[in-house]
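J.: Chains as they are written, first to last, in the working numbering: chain A, 1 to 133; chain B, 134 to 266; chain C, 267 to 399; chain D, 400 to 532. Positions of the beta carbon are idealized from the N, C-alpha and C atoms, including for glycine.
4 protein chains.
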Amino acid sequence: MAYQHRVRIYWEDTDAGGIVFYANYLKFFERARTEWLRSLGVGQHRLREQTGGMFVVSATEVRYLRPARLDDELLVTAQLQAAGGASLTISQSALLQPAGTVLAEGTIRIGWVDALTLRPARIPAMILEAVNR
Amino acid sequence: MAYQHRVRIYWEDTDAGGIVFYANYLKFFERARTEWLRSLGVGQHRLREQTGGMFVVSATEVRYLRPARLDDELLVTAQLQAAGGASLTISQSALLQPAGTVLAEGTIRIGWVDALTLRPARIPAMILEAVNR
Amino acid sequence: MAYQHRVRIYWEDTDAGGIVFYANYLKFFERARTEWLRSLGVGQHRLREQTGGMFVVSATEVRYLRPARLDDELLVTAQLQAAGGASLTISQSALLQPAGTVLAEGTIRIGWVDALTLRPARIPAMILEAVNR
Amino acid sequence: MAYQHRVRIYWEDTDAGGIVFYANYLKFFERARTEWLRSLGVGQHRLREQTGGMFVVSATEVRYLRPARLDDELLVTAQLQAAGGASLTISQSALLQPAGTVLAEGTIRIGWVDALTLRPARIPAMILEAVNR
Chain A
1 MAYQHRVRIY WEDTDAGGIV FYANYLKFFE RARTEWLRSL GVGQHRLREQ
51 TGGMFVVSAT EVRYLRPARL DDELLVTAQL QAAGGASLTI SQSALLQPAG
101 TVLAEGTIRI GWVDALTLRP ARIPAMILEA VNR
Chain B
134 MAYQHRVRIY WEDTDAGGIV FYANYLKFFE RARTEWLRSL GVGQHRLREQ
184 TGGMFVVSAT EVRYLRPARL DDELLVTAQL QAAGGASLTI SQSALLQPAG
234 TVLAEGTIRI GWVDALTLRP ARIPAMILEA VNR
Chain C
267 MAYQHRVRIY WEDTDAGGIV FYANYLKFFE RARTEWLRSL GVGQHRLREQ
317 TGGMFVVSAT EVRYLRPARL DDELLVTAQL QAAGGASLTI SQSALLQPAG
367 TVLAEGTIRI GWVDALTLRP ARIPAMILEA VNR
Chain D
400 MAYQHRVRIY WEDTDAGGIV FYANYLKFFE RARTEWLRSL GVGQHRLREQ
450 TGGMFVVSAT EVRYLRPARL DDELLVTAQL QAAGGASLTI SQSALLQPAG
500 TVLAEGTIRI GWVDALTLRP ARIPAMILEA VNR
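1. Which first and last residues belong to the beta strand (DSSP E) in which ARG274 of chain C is found?
2. Can you find at least 3 beta carbon pairs, one from the segment 311-326 of chain C and one from the segment 178-191 of chain B, that sit closer than 8 Å?
3. For the beta strand (DSSP E) that ILE376 of chain C lies in, which residues bound it at each end?
4. Beta-carbon of ALA23 of chain A versus every beta-carbon of chain C: anything under 9 Å?
5. Is it buried or exposed, GLY150 of chain B, if we count other Cβ atoms within 10 angstroms and call 16 or more buried?
6. Buried or exposed for THR326 of chain C, going by 16 or more other Cβ atoms inside 10 Å?
7. What residue does the beta strand (DSSP E) around PHE454 of chain D start on, and which one ends it?
8. Tell me which residues of the segment 311-336 of chain C have at least one Cβ-Cβ distance to chain A shorter than 7 Å, keeping chain order.
9. Using 9 Å as the limit for Cβ to Cβ distance, is THR280 of chain C near chain B?
10. Residues of chain C with CB under 7 Å from THR433 of chain D, in chain order?
11. Name, in chain order, the residues that DSSP records as bridge partners for THR383 of chain C.
12. Using 8 Å as the Cβ pair cut-off and three pairs as the minimum, do the segment 136-146 of chain B and the segment 98-108 of chain A touch?
13. Excluding the 5 residues flanking LEU474 of chain D on each side, which residues of the same chain have their C-beta closer than 7 Å to its C-beta?
14. In whole angstroms, what separates the C-alpha of GLY372 of chain C from that of ARG63 of chain A?
15. Whose C-beta lies closer than 7 Å to the C-beta of LEU128 of chain A among residues of the same chain, with five residues either side of it excluded?
16. Taking C-beta pairs closer than 8 Å, name the residues in chain A that GLU206 of chain B reaches, listed in chain order.
17. Which of the residues in the segment 372-388 of chain C, read from start to end, lie with their CB under 8 Å from any CB of chain A?
18. State the DSSP-derived secondary structure class of ILE123 of chain A, mapped to helix, strand or coil.
19. Are ALA78 of chain A and TYR25 of chain A closer than 9 Å when you measure CB to CB?
20. What's the gap between the Cα of VAL323 of chain C and the Cα of THR413 of chain D?
21. What does the alpha-carbon distance come out to for the pair TRP511 of chain D and THR433 of chain D?
22. Quick one: is GLY17 of chain A near chain C, going by C-beta distance under 9 Å?
23. Please list the partners that GLY309 of chain C has in chain D, where partner means a Cβ-to-Cβ separation under 7 Å.
24. Taking DSSP's pairing of strands, which residues face GLN183 of chain B in a bridge?
25. Quick one, which of D:MET400, D:MET525 and D:ILE418 has its alpha-carbon nearest ASP470 of chain D's?
26. By the criterion of Cβ-Cβ separation under 7 Å, what are the contact partners of ARG164 of chain B in chain A?
27. Given this structure, state the Cα-to-Cα distance separating ILE509 of chain D from LEU479 of chain D, to the nearest angstrom.
28. Taking Cβ-Cβ distances shorter than 8 Å, what residues in chain D pair up with LEU159 of chain B?
29. By the three-class DSSP mapping on this structure, what secondary structure does ALA82 of chain A have?
30. Secondary structure at GLN92 of chain A, three-state DSSP: helix, strand or coil?
31. By a C-beta neighbour count over all protein chains shown, 10 Å radius and 16 as the cutoff for buried, is ALA391 of chain C buried or exposed?
32. DSSP has PRO353 of chain C in a bridge; who is on the other side?
33. May I have the straight-line CA-CA distance separating VAL235 of chain B from PHE428 of chain D, to the nearest angstrom?
34. If I follow the unbroken alpha helix (DSSP H) through ARG38 of chain A, where does it start and stop?
35. Identify whether VAL308 of chain C lies in helix, strand or coil by the three-state DSSP scheme.
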């Protein structure tokens with residue numbers, strides 16, 4: 001089952017095409033990933049203070065299928081596809097509510113790095129356990 | 134009583150100072166105004182299709198008192214201060230949860246315009262009635 | 267030869283990781299595409315008024331290799347990879363200046379649509395001629 | 400004489416009203432302030448590494464007079480209005496090119512803080528000397 005997070009479309013999300021600016025789906029996907037991690041007990045700000053590490057996005061692949069508009073409500077999903085020692089791959093999609101039409105879908109890869117050096121590092125065990133549970 | 138809307142801080146909202154980028158409080162204020170209007174039955178996308186008009190922001194005045202950080206939860210308020218025939222003035226603030234510390238506060242003036250010509254126009258009666266109720 | 271466009275990193279582009287927020291590379295890529303089209307005589311705002319059509323992004327694929335920071339200067343490239351009747355595929359990259367290190371690279375597909383219906387349409391001949399010249 | 404910086408309007412800057420999203424004028428103003436400081440030898444990223452301090456915005460007051468649109472070119476100005484020991488007040492405006500019509504104007508106050516504690520601090524002498532020269 002994919003984690004689900006609701007997103008409302010505001011003026012800030014749209015562009016002069018009258019639709020949601022495509023780059024903003026990356027923001028919506030990240031909100032859903034953040035809430036998914038939080039639901040597993042993984043708070044990113046606290047983890048950075050405790051471990052000195054953080055996730056950075058290393059690759060994104062998104063297909064934009066249909067437009068969303070001002071005031072639309074979206075359901076944004078996040079589902080773990082693969083968990084390696086240093087990176088996670090997450091499948092995500094944005095669906096128009098209440099119809100369920102897929103507006104955008106893609107795959108995001110995030111890697112764990114040392115927050116000071118930005119060098120790749122091993123994902124803390126408590127995160128891997130939480131996402132694999 | 135001011136209308137209240139909750140906002141979560143995500144990576145997208147922060148800057149390299151480690152805190153929320155100040156311009157983003159204008160986005161949070163707008164989300165709260167939008168939800169306040171929606172709670173009164175005023176849907177902006179639908180109204181534009183029905184009336185050919187829309188609100189545009191004509192003045193903003195904001196004081197940034199304390200910083201918010203990643204993962205913080207804010208309560209954002211919107212309260213009508215004055216309603217003229219062509220513009221509304223709204224008092225807004227952002228408070229850190231659960232402490233209630235005021236992070237930012239300000240005043241936003243929005244005017245009604247014809248969506249095609251962008252010329253100022255009278256606010257539709259149903260909106261004025263809704264906000265003055 | 268790829269078209270080249272310079273981008274400076276400001277506070278607005280960064281996040282609390284101390285680096286450029288990854289989604290913003292899509293903005294930098296688009297600025298370079300826009301300037302590349304403009305250099306070929308293709309002004310998007312004017313074209314929309316003349317033809318009633320516009321480009322929308324239909325797919326993006328980006329790898330984020332190394333971080334950029336506040337005040338960095340980037341060279342952003344745009345190079346046509348394929349031109350179909352209804353869409354263009356463009357290769358893009360962002361290189362740190364003056365070193366030339368590749369920070370991000372990817373492929374963006376844009377499709378031509380009717381601006382009102384958002385239905386796919388044939389790219390106007392003058393655009394195809396310009397990009398294929 | 401006010402410092403002048405050119406800004407081009409891209410899709411990212413607009414909203415579904417077909418015009419520049421008002422909050423983005425704060426970004427344009429900041430780009431101009433940043434380039435004004437850079438022209439005086441004040442590089443903010445380097446200064447933070449050298450002094451451990453940074454500017455944060457403490458107050459903004461903006462009037463949005465006329466809209467800008469996709470592909471427009473703006474001239475954005477920055478002019479020091481007052482320099483105190485811990486804060487600077489800067490007058491800014493955005494003018495449509497080549498006509499010179501004022502689109503937005505306002506006043507921004509920035510304060511110097513310790514980057515770790517975010518506590519107000521005295522602006523380094525070299526900055527005050529540079530802006531007062």
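T.: In terms of the structure at hand:
1. 269-274
2. no
3. 368-380
4. yes
5. buried
6. buried
7. 452-463
8. MET320, VAL322, VAL323, SER324, ALA325, THR326, GLU327, VAL328, ARG329, TYR330 and PRO333
9. yes
10. TYR276
11. Paired residues: none, contrary to the question.
12. no
13. GLN403, ARG405, LEU494 and GLN496
14. 14 Å
15. ALA83
16. The contacting residues do not exist; GLU206 of chain B stays about 11 Å from chain A at best.
17. ALA381 and LEU384
18. coil
19. no
20. 16 Å
21. 14 Å
22. yes
23. ASP470
24. Per DSSP, none; premise fails for GLN183 of chain B.
25. D:ILE418
26. TYR10
27. 11 Å
28. TYR421, ALA422 and LEU425
29. strand
30. strand
31. exposed
32. Per the sequence shown, the amino acid found at residue 353 of chain C is Ser instead of Pro. For SER353 of chain C, which the question treats as bridged, DSSP gives the partners C:GLY377.
33. 25 Å
34. 24-39
35. coil
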